[in-house]
Amino acid sequence: MLCALLPQPRYIPVLAVEWKDFCSRPPLRLLAAAFRGPYDSFVISTPPSCPIWMILASLPCDPRTVFKPEVPLDSPCLRQPNHTLPSTSARLQSPGDVWEALHADPRAANVILPIAQKQLTRQTDLSKRDQCWIAVFSFGKVDFVLSVTNGDNGQYPVFIFTPHRPHLRTREFLHPRLLRLAEALHASMPVKRVYSVFAPDEIADPFVACWTHLTGVQALRDPYYHAWSSYCSRRTFVSPKRQDTVVPGVIFQLRPAVDTDLSGVAELCYLFAKESEPFVLTRSAAVSEARKLIQQQQVWVHTIRHENDLTRTEHVACIAAFTRNSETVATITKVYTPPDWRRQGCALRLVRRVTKHLLATKQHVALFVGRENDAAHVYHRVGFVGLANDAEEYPSVESWIELGLDPAKVQLGHW
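Counting from 1, one number per residue, gives the positions in the sequence shown under UniProt numbering.
Structure follows, in structure tokens:
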């Protein structure tokens, strides 16, 4: 079953697709036929102001469930077969099983769960219909959750989460589900919106193959990003040694960034993006990003001042940002030290301090680190697990890959 992921605490608009439009495009005719046949497939429409597109469909092994207007999920009528399409004013609550699956493994779901929760608190532009969440169910269980969402700096890649461990992800399991997932995405989003897919390796590759089959848009030969997921807990956290905290002749501070740090933080945001092709930023966009990070208290700085500097100039030598945060997991999303300050322990000190700060209120701190990135050694020294050639010992540590699609046929976003 493909099911919309919706914020649970309140009713919100679901899908902005009219039935006539649903049947008008070739990839949707199969779903329209399924709606009348054994495969449960249907759409819920909302007023033109709805900002979120979502498609509902099911695999044949699932019982039919049609969501009706303005009724909670535990209502008996939601469990009854019904072929009546909801009205254009239909609103519904989030399927609880989807939220439960995301909350059951918030470390692995850190690319989807915090963004979905943030959507609840934001005043969205109701003239846009450019975000969607799609979940795949079979045998009453959540198999996949896919998101197409936007960040402060632009559109995110397609993110895919699964609660299933790697040993269960056989080709026989993956292919039919990922194909339906790709069909639903094709039905609800413009092809040009899907510029890349970020997911565990064994999911990203077959999903992009399905997407290419449906759309003709080819994947790039080289991935945009190939990384290990990792996490640190209070149990694995490694406290600093004296030689990590004392540097002769240097005065440094590790603290949340404040307004007076704007230019320094912006410069490092700009340089970080410059080294992260194709997701570069203009100078003005870097200033905008830095301002938001500071206002939202989601970035710390490592500043340095030399004792013999009569001007008492304080330099921002490293930044660490954490922008995807749920109730129990914070995610470090950006760490950058410019070349002039590297090999002085700045990243180690700052990441350790930020991680300690986050663990005061969270159970885990998660991050992604490039498979060929020397920073993995730094994170290992802080207490992030699975980064010392021991990933197999930690089930939640996986290899993730971001596969880019042909830039000539898509519109590049930013993350």
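Here a beta-carbon is modelled for each residue, glycine too, at the ideal position from N, C-alpha and C. Predicted model, so just to flag it, every value in this text is computed and none were measured.
In terms of CA proximity to Asp406, Lys192 leads the group Gln155, Ser188 and Lys192. Counting other Cβ atoms within 10 Å of its Cβ, Ser239 stays below 16 and is therefore classed as exposed.
Between Ala347 and Val335, the gap from beta carbon to beta carbon is short of 8 Å. Using a Cβ distance threshold of 8 Å, Ala266 and Val299 do not count as a contacting pair. Between Val316 and Ile332, the C-beta spacing is not below 8 Å. Nearest in C-alpha terms to Gly404, of all of Tyr379, Phe159 and Ala388, is Phe159. In this structure, Ser147 keeps its C-beta atom at 8 Å or more from the C-beta atom of Trp400.
For Lys362, the three-state secondary structure derived from DSSP is coil. Counting only the Cα atoms, Phe161 lies some 7 Å from Ala199. Minimum Cα-Cα distance from Ala116 among the listed residues Gly413, Arg324, Asn373 and Gly370 corresponds to Arg324. A straight-line Cα-Cα distance of about 32 Å links Gln119 and His213. For His164, the closest of Thr149, Arg305, Phe137 and Met189 by C-alpha to C-alpha distance is Phe137. With a threshold of 16 other beta carbon atoms within 10 Å, Asn150 meets it and is buried.
Contact annotation: Tyr225 and Gly370 have beta-carbon atoms nearer than 8 Å. Using a 10 angstroms sphere on the CB of Gly264, the tally of other CB atoms reaches 16 or more, which defines it as buried.
Where Trp400 is concerned, the enclosing beta strand (DSSP E) starts and stops at Ser399 to Gly404. Between the alpha carbons of Leu367 and Asn389 lies a gap of roughly 17 Å. Shown here for Tyr231: same chain residues with a beta carbon closer than 7 Å to its own, the five before and five after excluded, namely Arg107, His364, Val365, Ala366, Phe384, Val385 and Ser396 in chain order.
In summary, Gln296 is exposed, with fewer than 16 beta-carbon neighbours lying within 10 Å of its beta-carbon over all protein chains present. Counting only the Cα atoms, Val287 lies some 14 Å from Ala257. Straight-line spacing of the CA atoms in Asp201 and Arg177 works out to 16 Å. Contact between Pro157 and Trp415 holds: CB atoms are separated by about 6 Å, below the 8 Å threshold. Within the same chain, and ignoring the five residues on either side of Gln253 in sequence, the residues whose Cβ sits closer than 7 Å to its Cβ are Thr303. In the DSSP assignment, Gly370 forms a beta bridge with Ala227.
For Ser147, the uninterrupted beta strand (DSSP E) run begins and ends at Lys141 to Gly151, by DSSP. Secondary-structure assignment with DSSP links Lys334 through a beta bridge to Ala321. Residue environment analysis places Glu183 among the buried positions, since at least 16 neighbouring C-beta atoms fall within 10 angstroms of its C-beta. Note on geometry: alpha-carbon atoms of Arg180 and Ile294 lie some 41 Å from one another.
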